[in-house]
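**Student:** As given, the protein sequences belong to chains S and R, one line each in that order.
Here this note's numbering is used: the first sequence runs in plain steps of one and ends on residue 344.
Here this note's numbering is used: the second sequence runs in plain steps of one and ends on residue 332.
Don't be surprised by glycine CBs; every beta carbon is placed ideally from N, CA and C.
Submitted below is the structure of interest, expressed as structure tokens.
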Amino acid sequence: MTTTQSEVDFEEPGQVPGAPLLEVDDLFVEFRTRDGVAKVLNGVSYRVEPGETLAVLGESGSGKSVTAQTIMGILDMPPGFITGGEIRFHGENLLKASARRRREVRGSGIAMIFQDALSALNPVFTVGFQIEEQLRLRRGMSRKDARKRAVELLDQVKIPNAKGRVRQYPHEFSGGMRQRAMIAMSLALDPEMLIADEPTTALDVTVQAQIMDLLKDIQVERNMGLILITHDLGVVAEVADRIAVMYAGRIVEQSLARDLYRKPGHPYTQGLLDSLPRLDLKGTELRTIKGLPPSLLNVPKGCPFNPRCPRVQDICKTEVPPQHRLAPGRLSACHFAEELISGD
Amino acid sequence: MTDNIIEVRDLVKHFPVRVGVLFKRTVGHVRAVDGVSFDLKRGETLGVVGESGCGKSTLAQVLMRLEPATSGTATFEGRDILKMKGGELRKLRRDIQIVLQDPYTSLNPRMTVGDIIGEPFEIHPEVAPKGSRAKKVRELLDVVGLNPEHINRYPHQFSGGQRQRIGIARALALRPKVIVCDEPVSALDVSIQAQVMNLLGDLQTEFGLSYVFIAHDLSVVRHLSDRVAVMYLGKVVEIGTEEEIYEHPTHPYTQALLSAVPVPDPELRSSRQIIRLEGDVPSPVDPPSGCRFRTRCWKAQDICAQEAPKLVTRVANHPSACHFAEEKSIVP
């Protein structure tokens with residue numbers, strides 16, 4: 001039904017030949033639950049190059065985290081089922097790879113950090129132990145060498161007194177420090193690609209700013225690919241090179257960050273930007289997106305956004321919009337994308 | 001001063017820190033709110049912003065009399081909230097209501113929406129005689145933009161935004177004069193957050209409500225507030241009109257806070273002034289001497305460690321608790 005997505009070429013100007021670092025290609029995932037089949041991902045495609053930050057933007061239930069879990073191979077199966085598509089890392093399809101090979105990629109190829117650092121860290125082991133564990137198992141380091149490396153890593157993520165901190169437990173760290181420790185842990189095996197799933201959502205703004213700066217520095221230093229999963233349009237604007245906007249398990253728009261904010265190519269993106277209170281503007285009434293996101297058990301026919309869309313036409317209720325190519329590297333899954341971009 | 005519906009003076013709330021299992025000893029105090037003063041004018045919205053642990057939610061709880069205060073006064077229409085008892089306190093609870101942050105835990109899952117919104121009438125039967133309650137509840141559902149037909153549904157049948165509307169309907173039931181909103185939109189998605197914010201704005205106009213609007217999101221606070229108080233470690237560090245705080249901040253903490261908020265416009269990425277604070281907020285059990293912000297402040301001098309700066313007007317036209325208050329425009 002959405003074969004169009006797989007035909008899309010993402011050619012960017014100046015793209016290097018050869019396989020990209022990570023490519024998600026027409027991915028379909030569903031959750032088979034007691035209440036029925038929830039179609040969580042319906043043909044998701046994106047790619048990330050080394051040194052690039054792709055922000056995956058979406059509200060709860062849009063499928064942004066499930067995509068990340070599928071890439072990492074940590075999706076709960078069942079109830080999750082991958083019903084189509086490929087995830088290629090340096091051209092190798094990870095979904096066909098053996099469990100052993102996947103384990104090799106995890107951590108040293110692609111690493112991930114999570115939103116809630118307190119529940120992502122094991123409370124009964126020291127922070128140091130949790131970093132060293134991977135080094136000893138995967139790199140065969142001795143305890144002593146691993147400890148040395150752990151201290152270096154904590155130092156790199158700017159944790160003061162890393163030597164003392166390495167012996168402490170997660171509960172002895174503040175929220176921001178825990179997130180730093182988790183970043184250190186994800187860097188232990190020098191991954192080429194980092195997925196950050198809402199890394200700053202649980203943090204205060206001043207700490208959020210520190211962590212985003214840190215992530216950015218590390219990324220530049222190591223030329224890592226970064227997928228930043230978030231619902232915060234502000235954070236995205238500050239760090240993303242490219243943005244993929246997800247809605248009901250689909251990517252509805254993909255664009256360079258600057259273009260997307262200047263002129264959204266999908267009514268949903270437009271709606272999100274309009275409904276945002278701005279620090280630098282005191283508006284009167286916020287323009288809202290009416291209604292609620294659809295239940296994934298029962299996604300509307302045609303364009304999933306059609307019941308909430310201000311520009312809805314008859315065609316939107318019957319036909320799933322293909323990905324329109326608006327400019328190099330710019331896609332929009334709206335029947336009226338061209339009008340949206342040129343008109344008004 | 002009759003225009004002030006709530007006046008808070010030197011409000012203090014300390015929580016004892018106890019150790020031991022059987023014989024508990026008090027080893028210190030969490031100074032959650034430590035000398036806060038402000039006025040809430042009739043019909044206005046006072047925004048309270050600050051990071052976690054700054055005492056903004058404790059402030060809400062003390063104003064609601066959900067927690068007793070340690071010292072200080074808080075008056076509602078001239079009467080001291082903190083000393084009220086019996087009938088007077090019950091009357092107060094009609095006039096001040098609260099909307100809580102988490103719409104998932106603040107509604108009883110075993111009660112229908114009708115029961116939840118109608119429960120205030122059980123306690124205050126004078127507001128709605130028994131026969132008219134169902135009608136009142138339907139009206140309230142309609143006012144907050146929910147379908148009145150859904151009166152017999154349970155909270156789990158609603159989405160997060162709809163549940164927050166139920167919480168708002170419950171707060172409105174007794175026709176209060178003041179609603180304390182404790183992070184009412186922070187658990188919601190952006191598109192839903194905007195709907196709830198608009199609703200709160202409309203209700204204020206319709207019912208002439210005054211809001212104490214507590215949030216950590218500075219953009220949300222600016223959008224709804226007439227005046228804004230910035231809190232840090234239990235103290236108000238700066239207070240003024242929305243414009244004074246956002247366009248002419250004078251306290252270094254306010255400035256840092258404003259500069260840390262990501263602006264959803266990639267074009268401003270390089271042109272923005274960025275102040276990055278070092279480290280975390282100190283523990284409120286053992287706050288720094290003098291000015292509490294001095295440990296993270298780039299302007300800190302010796303005097304900051306010795307003398308706590310008073311919240312008075314030094315520069316610009318609004319009070320700021322900094323020895324070296326200085327206007328600096330942050331927001332682009």
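Just to confirm my understanding: we take P319(R), look at its own chain, exclude 5 residues before and 5 after, and list those with CB closer than 8 angstroms. What are they?
**Tutor:** For the purposes of this step, residue 319(R) is taken as the residue at position 319 of the second sequence. Around P319(R): E238, I239, G240, L311, V312, T313.
**Student:** Could you tell me whether the Cβ of V220(R) comes closer than 9 angstroms to any Cβ of chain S?
**Tutor:** In the second sequence, the residue the question calls residue 220(R) occupies position 220. V220(R) counts as touching chain S.
**Student:** Residue range of the alpha helix (DSSP H) that V137(R) falls in?
**Tutor:** By 1-based counting over the second sequence, the position of residue 137(R) is 137. Where V137(R) is concerned, the enclosing alpha helix (DSSP H) stretches over 133-143.
**Student:** Below 9 angstroms between beta carbons is the criterion; list the residues of the segment 193-224 of chain R that meet it against any residue of chain S, in chain order.
**Tutor:** Q193, A194, Q195, M197, N198, G201, D202, H216, D217, L218, S219, V220, V221, R222, H223, L224
**Student:** Which chain S residues sit within Cβ distance under 8 angstroms of A300(R)?
**Tutor:** Stepping through the second sequence from its first residue, residue 300(R) is reached at position 300. Correct list: empty, because the minimum Cβ distance to chain S is about 16 angstroms.
**Student:** If I measure Cβ to Cβ from P310(S) and keep anything under 7 angstroms in the same chain, skipping five residues before and after, which residues do I get?
**Tutor:** On the first sequence, position 310 is the one that residue 310(S) refers to. Excluding sequence neighbours, P310(S) sits near P267.
**Student:** Assign D9(S) to one of three DSSP states: helix, strand, or coil.
**Tutor:** Taking the first sequence and counting its residues from 1, the one referred to as residue 9(S) is at position 9. With a pLDDT of only 44 at D9(S), under the threshold of 50, the placement of this residue in the model should not be trusted; the figure read from the coordinates follows. Looking at D9(S) - three-state DSSP - the assignment turns out to be coil, as it is neither helix nor strand.
**Student:** Do S255(S) and L331(S) have their C-beta atoms within less than 9 angstroms of each other?
**Tutor:** Within the first sequence, residue 255(S) is the residue found at index 255, counting from 1. Within the first sequence, residue 331(S) is the residue found at index 331, counting from 1. Result yes, Cβ atoms of S255(S) and L331(S) sit closer than 9 angstroms.
**Student:** Please state whether the Cβ-Cβ distance between L340(S) and G265(S) is less than 9 angstroms.
**Tutor:** Counted from its first residue, the first sequence places residue 340(S) at position 340. Counted from its first residue, the first sequence places residue 265(S) at position 265. One thing to note: L340(S) has its Cβ within 9 angstroms of the Cβ of G265(S).
**Student:** Quick check: the Cα distance between V66(S) and V37(S), rounded to an integer number of angstroms?
**Tutor:** Position 66 of the first sequence, counted from the start, is the residue given in the question as residue 66(S). Position 37 of the first sequence, counted from the start, is the residue given in the question as residue 37(S). The straight-line gap from Cα to Cα measures roughly 15 angstroms.
**Student:** Hey, out of E244(R), I179(R), L89(R), G86(R), whose CA is closest to K41(R)'s CA?
**Tutor:** Locating residue 41(R) in the second sequence gives position 41, where the first residue counts as 1. Among E244(R), I179(R), L89(R), G86(R), the Cα nearest to that of K41(R) belongs to I179(R).
**Student:** Would you report the Cα separation of I289(S) and T269(S), rounded to the nearest angstrom?
**Tutor:** On the first sequence, position 289 is the one that residue 289(S) refers to. On the first sequence, position 269 is the one that residue 269(S) refers to. CA-to-CA, the gap between I289(S) and T269(S) works out to about 10 angstroms.
**Student:** In chain R, which residues lie with their C-beta within 8 angstroms of the C-beta of T288(S)?
**Tutor:** Counted from its first residue, the first sequence places residue 288(S) at position 288. Ordered by position in chain R, the residues that pass the 8 angstroms Cβ test against T288(S) are S191, A194, Q195, N198.
**Student:** Can you confirm whether the segment 243-261 of chain R touches the segment 192-212 of chain S when touching is taken to mean that 3 or more C-beta pairs between the two stretches lie within less than 8 angstroms?
**Tutor:** yes
**Student:** Would the segment 26-33 of chain R count as touching the segment 10-18 of chain R if we require 3 or more Cβ pairs under 8 angstroms?
**Tutor:** yes
**Student:** If I follow the unbroken beta strand (DSSP E) through F31(S), where does it start and stop?
**Tutor:** Numbered from 1 along the first sequence, position 31 holds the residue referred to as residue 31(S). From DSSP, the beta strand (DSSP E) with F31(S) extends over 22-33.
**Student:** Is the Cβ-Cβ distance between L224(R) and L200(R) less than 9 angstroms?
**Tutor:** Start at 1 with the first residue of the second sequence, and residue 224(R) comes out as number 224. Start at 1 with the first residue of the second sequence, and residue 200(R) comes out as number 200. Yes, the Cβ-Cβ distance between L224(R) and L200(R) is below 9 angstroms.
**Student:** List, in chain order, every chain R residue whose beta-carbon is nearer than 7 angstroms to that of V207(S).
**Tutor:** The residue you call residue 207(S) lines up with position 207 of the first sequence. Those are D280, listed as they occur along chain R.
**Student:** Could you tell me which chain S residues have their CB closer than 8 angstroms to the CB of P107(R), listed as they occur along the chain?
**Tutor:** Within the second sequence, residue 107(R) is the residue found at index 107, counting from 1. Checking the sequence shown, residue 107(R) turns out to be Leu, not Pro. Chain S residues near L107(R): none, gap ~18 angstroms exceeds 8 angstroms.
**Student:** Below 8 angstroms, can you find three or more Cβ-Cβ pairs linking the segment 159-174 of chain S to the segment 211-222 of chain S?
**Tutor:** Put simply, the segment 159-174 of chain S does not touch the segment 211-222 of chain S. Fewer than three CB pairs are less than 8 angstroms apart.
**Student:** Check for me: the beta strand (DSSP E) holding N4(R) runs from which residue to which?
**Tutor:** The residue given as residue 4(R) occupies position 4 in the second sequence. Residues 4-19.
**Student:** Skipping 5 residues on each side, what residues in its chain have a beta carbon closer than 7 angstroms to that of R106(S)?
**Tutor:** Start at 1 with the first residue of the first sequence, and residue 106(S) comes out as number 106. Cβ neighbours of R106(S) beyond the five flanking positions: M72, G73.
**Student:** Within 10 angstroms of its Cβ, does I123(R) collect 16 or more other Cβ (buried), or is it exposed?
**Tutor:** Residue mapping note: residue 123(R) aligns to position 123 of the second sequence, counting from 1. So I123(R) ends up on the exposed side.
**Student:** Could you pull out every residue in the same chain whose Cβ sits closer than 7 angstroms to the Cβ of V16(S), ignoring the five residues on either side in sequence?
**Tutor:** Here residue 16(S) corresponds to residue number 16 of the first sequence, with the count starting at 1. Here the model assigns V16(S) a pLDDT of 40, short of 50, so the residue's position is not dependable, and the following value carries that caveat. Counting only Cβ-Cβ distances below 7 angstroms, and skipping sequence neighbours, we find nothing.
**Student:** Report the three-state DSSP secondary structure of Q15(S) (helix, strand or coil).
**Tutor:** In the first sequence, the residue the question calls residue 15(S) occupies position 15. With a pLDDT of 36 at Q15(S), under the threshold of 50, the modelled position of that residue is not reliable, and no figure is offered here.
**Student:** Are the CB atoms of L121(S) and A184(S) within a distance shorter than 9 angstroms?
**Tutor:** Here residue 184(S) refers to the residue found at position 184 when the first sequence is read from its first residue. Here residue 121(S) refers to the residue found at position 121 when the first sequence is read from its first residue. Not a contact, by the Cβ cut-off of 9 angstroms.
**Student:** Express the C-alpha separation of D10(R) and S71(R) in angstroms, rounding to a whole number.
**Tutor:** Looking up residue 71(R) in the second sequence gives position 71. Looking up residue 10(R) in the second sequence gives position 10. Using only the alpha carbons, I get a separation of about 8 angstroms.
**Student:** With a cut-off of 8 angstroms on the beta carbons, I'd call P155(R) and I166(R) a contact; round off their distance for me.
**Tutor:** Against the second sequence, residue 155(R) aligns to sequence position 155. Against the second sequence, residue 166(R) aligns to sequence position 166. Confirmed, Cβ separation roughly 7 angstroms.
**Student:** Taking Cβ-Cβ distances shorter than 8 angstroms, what residues in chain R pair up with R165(S)?
**Tutor:** To locate residue 165(S), count along the first sequence from 1; it is residue 165. Simply none; closest approach about 13 angstroms.
**Student:** Less than 8 angstroms between the CB atoms is what I'm expecting for Q97(R) and A171(R), so what's the real figure, rounded?
**Tutor:** Sequence index remark: in the second sequence, residue 97(R) carries index 97 (1-based). Sequence index remark: in the second sequence, residue 171(R) carries index 171 (1-based). About 4 angstroms; that satisfies the 8 angstroms criterion.
**Student:** If we ignore side chains and look at the alpha-carbon of each, how far apart do V113(R) and R133(R) end up?
**Tutor:** The residue given as residue 113(R) occupies position 113 in the second sequence. The residue given as residue 133(R) occupies position 133 in the second sequence. Those two C-alpha atoms are separated by around 13 angstroms.
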